[in-house]
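A.B. asks: I have a structure here, written as C-alpha cells, and I will follow up with some questions on it.
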Amino acid sequence: DTGVSQDPRHKITKRGQNVTFRCDPISEHNRLYWYRQTLGQGPEFLTYFQNEAQLEKSRLLSDRFSAERPKGSFSTLEIQRTEQGDSAMYLCASSLVGPLDNEQFFGPGTRLTVL
Amino acid sequence: LAKTTQPISMDSYEGQEVNITCSHNNIATNDYITWYQQFPSQGPRFIIQGYKTKVTNEVASLFIPADRKSSTLSLPRVSLSDTAVYYCLVVPPGSSASKIIFGSGTRLSIRP
C-alpha cells in the first residue's frame, strides 16, 4: 500500500500527558498537511510543510502543539499537556506541488481521546 | 476567501441519481471547485475538480454554470456505499494551505 499512513490509529491519554503522532506521506509528495476534525465538522487546517520547511501554521495551533518534518519525509505532531478539548481526529494529508495541487491524499487519521 | 454553502444533509435511494449543489457566490477568477468524499472513520478522498462547464470521471460529474457561482456534483446510480459526507471546496491552485476550507459538508444517506 503506497498511501498515506498514520500511527497510532487510536490514542487514549490522561489530561496533562504529552502525545506524539506520526504521518508517513506518499513518498514522492513534497507537501504534507495536518488537520484536526471534530465530530460533525469538516477537517480544520493546522499546519503544512513543503519538504522540511513548515510554511504555515493556523491560529488553532497553540504553543502546546508542535510539528516537525525533519528530512522532508515523515512528520510528527506533538501535543504537550493535553486537554480534554484536544480530543479529536488528527488527519494527515500529502500532495504534490503543482498547477493543480488541490488533490490531497489523506491518511486514516489518529483518533485522540483525552480523559 | 470564497465561502461555500451546501445542504447539511440529503437522502436518496439506491439506483437514483443524486445531485448536490454548492453555492460559491464570491468565487474568484483563479479558483477551482473541488469535491471530497469522506466515509466514517476515514480521511477525505478527492473525487473531482473543475473550473468551468462539465467534468466527468469514473466516480462523478461536476457541472459548473457560466457564472461559476454554483456547482453541482452528480453521482449516477448511487449505492449504499455512497453514503458519506461530501465537501465542496473553492481554492486557487498553489495557494496557501490555510485557504483550503472544508466546511461542514453534506451528509448523504442512501437507503435500500
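Just so you know, the sequences run in chain order G and E. With the first sequence counted from 1, adding 4 to any position gets you my numbering. With the second sequence counted from 1, adding 1 to any position gets you my numbering. Glycine included, C-beta positions come from ideal geometry on N, C-alpha and C.
Residue 78 (chain G) to residue 113 (chain E), Cα distance in whole Å?
C.D. replies: The residue given as residue 78 (chain G) occupies position 74 in the first sequence. The residue given as residue 113 (chain E) occupies position 112 in the second sequence. Distance between the alpha carbons of residue 78 (chain G) and residue 113 (chain E) is about 42 Å.
A.B. asks: For residue 42 (chain G), report the span of its beta strand (DSSP E) as first-last.
C.D. replies: What you label residue 42 (chain G) is simply residue 38 of the first sequence in a count that begins at 1. Unbroken run through residue 42 (chain G): none, as it is neither H nor E.
A.B. asks: What are the start and end residues of the beta strand (DSSP E) that includes residue 20 (chain E)?
C.D. replies: By one-based count along the second sequence, residue 20 (chain E) stands at place 19. Residues 19-24.
A.B. asks: Determine whether the Cβ of residue 95 (chain G) lies closer than 8 Å to any Cβ atom of chain C.
C.D. replies: As a matter of chain content, chain C is missing from the structure shown, whose protein chains are G and E.
A.B. asks: For chain E, is any of its Cβ atoms less than 8 Å away from the one on residue 49 (chain G)?
C.D. replies: As a first step, residue 49 (chain G) must be located in the first sequence, where it is residue number 45. So yes, residue 49 (chain G) belongs to the interface.
A.B. asks: Any beta carbon of chain G sitting closer than 8 Å to that of residue 33 (chain E)?
C.D. replies: Along the second sequence, read from residue 1 onward, the residue named residue 33 (chain E) stands at position 32. Chain G contact via Cβ: present.
A.B. asks: Locate the beta strand (DSSP E) running through residue 14 (chain G), then write down its first and last residues.
C.D. replies: Within the first sequence, the letter at position 10 stands for residue 14 (chain G). Counting along the chain, the beta strand (DSSP E) containing residue 14 (chain G) begins and ends at 14-17.
A.B. asks: Are the Cβ atoms of residue 8 (chain E) and residue 21 (chain E) separated by less than 8 Å?
C.D. replies: On the second sequence, residue 8 (chain E) is found 7 positions in, with the first residue counted as 1. On the second sequence, residue 21 (chain E) is found 20 positions in, with the first residue counted as 1. Yes; because the gap between Cβ atoms is below 8 Å, this pair is in contact.
A.B. asks: Quick check for students: name the residue ranges of the beta strand (DSSP E) that lie wholly in the segment 21-102 of chain G, counting only runs of 3 or more.
C.D. replies: Correct list: 23-28, 35-41, 48-54, 57-61, 69-72, 79-83, 92-99.
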